[in-house]
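Numbering (my numbering), first residue to last: 9 to 270.
Every residue, glycine too, gets a C-beta built ideally from N, C-alpha and C.
Quick caveat, the model's predicted, so the values are computed rather than measured.
Before any comments, here is the structure.
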Amino acid sequence: MDAKTNLPDVQSAHDGRNIAIDRVGVRGVTLPIVIEGRDGPQHTVASIAMTVSLPADQKGTHMSRFIALMSECTEPLNVNVIRRLMGQMLENLHAVDGTIEIRFPFFVKKTAPVSKLESIMNYEGAWIADSDEGAITVRQETLTPVTSLCPCSKEISKYGAHNQRSHLTSSLILKSDMTLEEQVAISESVASCQLWARLKRADEKYVTEYAYEHPKFVEDLVRDMAKALNDDDRVAAYRIEAENFESIHNHSAYATITHDKR
Numbered sequence: 009m010d011a012k013t014n015l016p017d018v019q020s021a022h023d024g025r026n027i028a029i030d031r032v033g034v035r036g037v038t039l040p041i042v043i044e045g046r047d048g049p050q051h052t053v054a055s056i057a058m059t060v061s062l063p064a065d066q067k068g069t070h071m072s073r074f075i076a077l078m079s080e081c082t083e084p085l086n087v088n089v090i091r092r093l094m095g096q097m098l099e100n101l102h103a104v105d106g107t108i109e110i111r112f113p114f115f116v117k118k119t120a121p122v123s124k125l126e127s128i129m130n131y132e133g134a135w136i137a138d139s140d141e142g143a144i145t146v147r148q149e150t151l152t153p154v155t156s157l158c159p160c161s162k163e164i165s166k167y168g169a170h171n172q173r174s175h176l177t178s179s180l181i182l183k184s185d186m187t188l189e190e191q192v193a194i195s196e197s198v199a200s201c202q203l204w205a206r207l208k209r210a211d212e213k214y215v216t217e218y219a220y221e222h223p224k225f226v227e228d229l230v231r232d233m234a235k236a237l238n239d240d241d242r243v244a245a246y247r248i249e250a251e252n253f254e255s256i257h258n259h260s261a262y263a264t265i266t267h268d269k270r
């Protein structure tokens with residue numbers, strides 16, 4: 009037999025320290041991926057972390073198997089595919105517990121409210137899968153930039169109100185399919201106003217006045233988003249966050265709500 013095919017498998021060797029490892033694997037893996045989008049497959053680049061639990065008597069895990077699993081996946085990613093990848097990873101690494109975290113930018117074509125000018129907006133998405141004693145949970149996450157306008161500032165000021173960019177993050181456990189674009193739209197619907205990449209003057213007038221007519225505290229943002237998710241039968245559980253990057257303070261305003269509807 010060729011010596012190259014009969015090399016020792018050090019990772020599978022016995023370890024005498026008898027200490028289990030909660031998670032071991034790879035982080036900071038950058039790979040091109042294809043995600044399932046509302047308008048068809050979309051190509052992007054992901055930052056990936058993949059880990060498994062390691063028994064007390066096993067010296068190491070097989071790092072190359074993590075990379076092989078993602079490199080060999082050719083179908084567009086969605087919650088169901090991520091769930092299958094988790095099961096396959098656990099089988100390949102002979103593990104019971106594990107995590108997969110895939111973070112990526114994605115893009116949505118949007119039409120300006122007045123001029124109807126088309127442009128591309130960028131958002132951040134993620135799938136976070138976790139296996140606990142073989143029970144797999146997958147979260148679908150989006151980070152959506154929006155505008156928020158302060159109700160207090162509007163009430164007490166003669167000449168307008170201060171507003172700021174806000175980030176709305178929703179991390180959902182789903183009972184049935186929801187596209188990333190639909191998840192973004194839920195976040196945008198609760199904001200003082202959504203954002204566009206390109207606006208004409210008529211659009212700028214519209215978004216300025218729309219935000220003024222829909223003032224929101226950071227508390228309003230998370231409560232309105234929670235209400236929308238409570239009313240959505242596709243959502244089993246959620247964790248939502250709002251962060252306002254204040255325009256009159258050198259700090260952010262922040263709120264979060266976690267709820268399991270099951």
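- By the 16-neighbour rule on beta-carbons within 10 angstroms, residue 248 is buried.
- With a cutoff of 7 angstroms on beta-carbon distance, residue 176 and residue 195 are scored as near each other.
- A distance of 7 angstroms or more separates the beta carbons of residue 245 and residue 211.
- Take residue 252, set aside five residues on each side of it, and the residues of its chain with a beta-carbon closer than 7 angstroms to its own are 156, 172, 174, 226, 260 and 261, in chain order.
- Separation of residue 223 and residue 139 (C-alpha to C-alpha, rounded to the nearest whole angstrom) is 41 angstroms.
- In this structure, residue 104 sits near residue 141, with a CB-CB distance shorter than 7 angstroms.
- Using a C-beta cut-off of 8 angstroms, the stretch 114-129 makes no contact with the stretch 67-85, since fewer than three inter-stretch Cβ pairs fall below that distance.
- Short of 6 angstroms from the beta carbon of residue 119, and not among the five residues preceding or following it, lie these beta carbons of its own chain, in chain order: 126.
- If you compare the alpha carbons of 184, 153, 116 and 152 with that of residue 146, the shortest gap goes to 184.
- Counting the other CB atoms within 10 Å of its CB gives residue 109 a total of 16 or more, which places it among the buried residues.
- Under the 8 angstroms Cβ criterion, the stretch 35-44 does not count as touching the stretch 64-72, having fewer than three qualifying pairs.
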